[in-house]
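Student: Numbering (this note's numbering), first residue to last: 262 to 567. Ideal Cβ placement from N, Cα and C applies to all residues, glycine included.
Now the structure itself:
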């Protein structure tokens, strides 16, 4: 298999930081915004589909800040838990905690600091959204251990990374002004989970050989030779759930047209995916930033329609 590059390198703006700050920027993955985009998009989906997005634009910004901070905190926590495993995998061996560039104590302090930024965002939300947001903490805490006990840690990540859809929807009182029958939010959340499983399975292709050696489980290993079909199924399920969410908010056949660009993009990912090429897997994974934008556009158009 063609390997992907190591994921801890001094590149972009990180290379311009003082030497002492660089390992902490890498720990929080500030050099790779794809992670916080993927955490943010479900938040934006929930805000947009719930309706009245233009009246709630500050929430889009607050939740973006929250996604950046909490994705960083989650990555640092994950690296602390996984430091022994990371040291055995070529792509992750250079991560700051695994390599010893940052001590566990300092990594914990960095996690707390990033979490305080998340707390600042939390207090900007309505009470109901605050309670829902706090409900994700147990899922986040358990995530690093899932790869040790289940072949489907990507499904658990789906629960975590899709949680923002619940927060965004509830923050603006989603469902109060449309006859969605209570289905809009569950379908939106389910669609996001399926999407996450799909793109994170692609991401896991980079480590499939090393994971087998150290005993780490993943959906990519579980799917084996059927990984393209498996990812395709996940994406199809995501699109079906999102279509149902759109229909529940606005029962008009034209709403399905709004998802066509996203459907074409996701289909293109699957058709052109080379599971044996780690660099291609990384590129396909990163392209989901654009897929999220296309889905957001669909949610915004339908959610804002009179």
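If I'm right that residue 497 touches residue 563 with Cβ under 8 Å, what's the distance once you round it to whole angstroms?
Tutor: Contact flag wrong, Cβ pair sits at about 20 Å.
Student: Find out if the Cβ-Cβ distance for the pair residue 464, residue 542 is shorter than 8 Å.
Tutor: Taking 8 Å as the Cβ cut-off, residue 464 and residue 542 qualify as a contacting pair.
Student: In chain order, which continuous runs of the alpha helix (DSSP H) of length 4 or greater are located wholly inside the region 364 to 420?
Tutor: Whole alpha helix (DSSP H) segments, 4+ residues: 365 to 383, 388 to 395, 398 to 410.
Student: Is residue 335 buried or exposed, if buried means 16 or more other CB atoms sit within 10 Å of its CB?
Tutor: Buried: at least 16 other Cβ atoms inside 10 Å.
Student: Helix, strand or coil, according to DSSP, for residue 452 in the structure here?
Tutor: Correct three-state label for residue 452: helix.
Student: Taking the alpha helix (DSSP H) that residue 528 belongs to, which residues open and close that run?
Tutor: First-last of the alpha helix (DSSP H) with residue 528: 521 to 533.
Student: What whole-angstrom Cβ distance do residue 511 and residue 298 have, given they're in contact under 8 Å?
Tutor: Between residue 298 and residue 511 the Cβ distance is about 26 Å, and since that is not below 8 Å, they are no contact.
Student: Confirm, please, whether the CB-CB distance from residue 499 to residue 455 is below 8 Å.
Tutor: Closer than 8 Å, so yes.
Student: Out of 405, 367, 533, which has the shortest C-alpha to C-alpha gap to residue 358?
Tutor: Closest option to residue 358, Cα to Cα, is 367.
Student: Is residue 445 closer than 8 Å to residue 435 when the C-beta atoms are compared?
Tutor: A contact, by the Cβ cut-off of 8 Å.
Student: Hey, out of 535, 427, 417, whose CA is closest to residue 466's CA?
Tutor: Per the Cα distances, 535.
Student: Are the CB atoms of residue 383 and residue 391 nearer to each other than 8 Å?
Tutor: Yes, the Cβ-Cβ distance between residue 383 and residue 391 is below 8 Å.
Student: For residue 409, count neighbouring Cβ atoms within 10 angstroms of its own Cβ and tell me buried if that reaches 16, exposed if not.
Tutor: Residue 409 is exposed by the Cβ-count criterion.
Student: For the putative contact between residue 429 and residue 506, defined by C-beta atoms under 8 Å, what is the C-beta separation to the nearest angstrom?
Tutor: That belief does not hold up - the Cβ atoms of residue 429 and residue 506 are roughly 13 Å apart, past 8 Å.
Student: Take every Cβ of the region 336 to 352, pair it with every Cβ of the region 393 to 407, and state whether three or more of those distances are shorter than 8 Å.
Tutor: Segments in contact, yes.
Student: What does the alpha-carbon distance come out to for the pair residue 450 and residue 483?
Tutor: Those two C-alpha atoms are separated by around 24 Å.
Student: Helix, strand or coil: how does DSSP classify residue 462 here?
Tutor: Correct three-state label for residue 462: helix.
Student: For residue 561 versus residue 311, is the C-beta spacing smaller than 8 Å?
Tutor: Their beta carbons are not under 8 Å apart, which means residue 561 does not touch residue 311 by this criterion.
Student: Leaving out the 5 sequence neighbours to the left and right, which residues in its chain are closer than 7 Å to residue 461 when beta-carbon positions are compared?
Tutor: Excluding residues within five positions, the ones whose Cβ falls inside 7 Å are 415, 418.
Student: At which residues does the alpha helix (DSSP H) containing residue 505 begin and terminate?
Tutor: Taken as a continuous stretch (DSSP letters only), the alpha helix (DSSP H) holding residue 505 covers 488 to 510.
Student: If we count the other Cβ atoms within 10 Å of its Cβ and call it buried at 16 or more, is residue 423 buried or exposed?
Tutor: Buried, because 16 or more other Cβ atoms sit within 10 Å of the Cβ of residue 423.
Student: Taking the CB atoms as reference points, tell me whether residue 371 and residue 337 lie closer together than 8 Å.
Tutor: For residue 371 and residue 337, yes; Cβs fall inside 8 Å.
Student: Beta-carbon within less than 7 Å of residue 284's beta-carbon, same chain only, minus the 5 sequence neighbours each way: which residues are those?
Tutor: If we look at residue 284 and ignore the five residues flanking it on each side, its Cβ neighbours are 357, 362, 363.
Student: Output the boundary residues of the alpha helix (DSSP H) element that contains residue 321.
Tutor: 318 to 342 is the span of the alpha helix (DSSP H), which, as asked, contains residue 321.
Student: Rounding to the nearest angstrom, what Cα-Cα distance links residue 288 and residue 378 in this structure?
Tutor: Those two C-alpha atoms are separated by around 16 Å.
Student: Taking only three categories from DSSP, how would you classify residue 565?
Tutor: Helix at residue 565.
Student: Does the Cβ of residue 373 have 16 or more other Cβ atoms within 10 Å, making it buried, or fewer, making it exposed?
Tutor: Looking at its Cβ environment, which holds fewer than 16 other Cβ atoms inside 10 Å, residue 373 is exposed.
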